[in-house]
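Colleague:
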Amino acid sequence: MSLLVRCLILVLLSSAPVAAETIFGAARVVDGDTLAIGDERIRLFGIDAPEHDQSCDRGGQSWACGQAAARVLAAVVGQIRLVCEVQDRDRYGRAVSVCHAGQTDVGEAMVVQGAATAYRRYSMRYVVAETEARAKGRGIWGGAMQSPEAFRHKGGVAGAAGGSAAVRGCAIKGNIGTHGRIYHMPGQADYAATRISPAQGERWFCSQAEARAAGFRKAKR
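According to the numbering used here, the sequence shown holds residues 6 to 226 in order.
What follows is the structure in structure tokens.
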């Protein structure tokens, strides 16, 4: 075989498409957007669910939306053998995957039921499903919720005007000043003038119960 032929073969082999990685098997739920199949940890592609210890607000009452998301995921996957097409590997080594339980797209089912958000930072795949869930007030869209990403970063995110914008509808301002740790409700006298600085330990809250649990007390006016 000539050197030219050998080189052509090597070029063809190096340019051949690499087979996509697929993981099969029955899964157990880790949290609202993470599964385990055998020794593999799988992060569902294109969605972001409330963290396991995260609470949301519904009608002024706090509820464990993170734990609820995990229960919804368990119901979606059941005992069915999943087929997970790996899209990427994240920094934790998890297989970021689109998973199907039979004909059901697991990520889409989570978003449609209001148990997770469409993770727009990485994909627009489930935006239509989220729009439907929002319109019908399902799950997390039935009240106020801090985005899972903001929750992972320990609370509120500063807005363009020194922290004046609420995060995902969580509109209670937790301020730390000369009078201690005070939270301000929309409509109270000092609400508009209050600025939130996460670097100083200040934050946004989704409910009064959440604010009190963090050691804040309600402003008197």
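Even glycine gets a Cβ: it sits at the ideal position worked out from N, Cα and C. Just so we're clear, the structure is a prediction, and the values are computed from it rather than from any experiment.
Could you tell me if GLY150 is buried or exposed, where buried requires 16 or more neighbouring beta carbons within 10 angstroms of its beta carbon?
Modeller: Numbered from 1 along the sequence shown, position 145 holds the residue referred to as residue 150. It should be noted that the sequence gives Met, not Gly, for residue 150. With 16 or more neighbouring CB atoms inside 10 Å of its own CB, MET150 falls in the buried class.
Colleague: List the endpoints of the continuous beta strand (DSSP E) containing PHE29.
Modeller: As a position in the sequence shown, residue 29 is number 24, starting the count at 1. Here the beta strand (DSSP E) through PHE29 covers 27 to 30.
Colleague: Identify whether ARG186 lies in helix, strand or coil by the three-state DSSP scheme.
Modeller: Within the sequence shown, the letter at position 181 stands for residue 186. Correct three-state label for ARG186: strand.
Colleague: Per DSSP, ALA123 is paired with what?
Modeller: The sequence position of residue 123 within the sequence shown is 118, counting from 1. Per DSSP, ILE52.
Colleague: Per DSSP, which residues does LYS223 bridge with? Please list them.
Modeller: For the purposes of this step, residue 223 is taken as residue 218 along the sequence shown, with counting starting at 1. LYS223 pairs with TYR188.
Colleague: Would you mind reading off the limits of the beta strand (DSSP E) that contains THR39?
Modeller: In the sequence shown, counting from the first residue as 1, residue 39 sits at position 34. Counting along the chain, the beta strand (DSSP E) containing THR39 begins and ends at 39 to 42.
Colleague: Taking C-beta to C-beta, are VAL82 and ARG48 nearer than 7 Å?
Modeller: What you label residue 82 is simply residue 77 of the sequence shown in a count that begins at 1. What you label residue 48 is simply residue 43 of the sequence shown in a count that begins at 1. No, the pair does not count as a contact, with Cβ atoms beyond the cut-off.
Colleague: What residues match up with PHE210 in a beta bridge as DSSP calls it?
Modeller: To locate residue 210, count along the sequence shown from 1; it is residue 205. According to DSSP, residue pairing for PHE210 in a beta bridge involves ILE177.
Colleague: Alpha carbons only, please: which of ALA224, SER152 and ALA214 is nearest the one belonging to ILE181?
Modeller: Your numbering for residue 181 matches position 176 in the sequence shown. Comparing Cα positions, the closest option is ALA224.
Colleague: Among CYS89, GLN66, ALA25 and THR199, which one has its Cα closest to the Cα of SER212?
Modeller: Counting from one through the sequence shown, the residue named residue 212 turns up at place 207. The option with the nearest alpha carbon to SER212 is GLN66.
Colleague: From the DSSP secondary-structure annotation, give me the bridge partner or partners of GLN84.
Modeller: Locating residue 84 in the sequence shown gives position 79, counting from the first residue. Partner(s): none; GLN84 has no beta bridge.
Colleague: Rounded C-beta distance between VAL77 and GLN118? I'm assuming under 8 Å.
Modeller: Position 72 of the sequence shown, counted from the first residue, corresponds to residue 77. Position 113 of the sequence shown, counted from the first residue, corresponds to residue 118. Indeed, because the Cβ distance is near 6 Å, the residues count as touching under 8 Å.
Colleague: So GLY51 packs on TYR97, CB below 8 Å; how close in whole Å?
Modeller: Within the sequence shown, the letter at position 46 stands for residue 51. Within the sequence shown, the letter at position 92 stands for residue 97. Going by Cβ atoms, the distance from GLY51 to TYR97 rounds to 17 Å, so no, they are not a contact pair.
Colleague: Taking just the CA atoms, how far does ALA106 sit from ALA197?
Modeller: Here the question's residue 197 lines up with position 192 in the sequence shown. Here the question's residue 106 lines up with position 101 in the sequence shown. Distance between the alpha carbons of ALA197 and ALA106 is about 48 Å.
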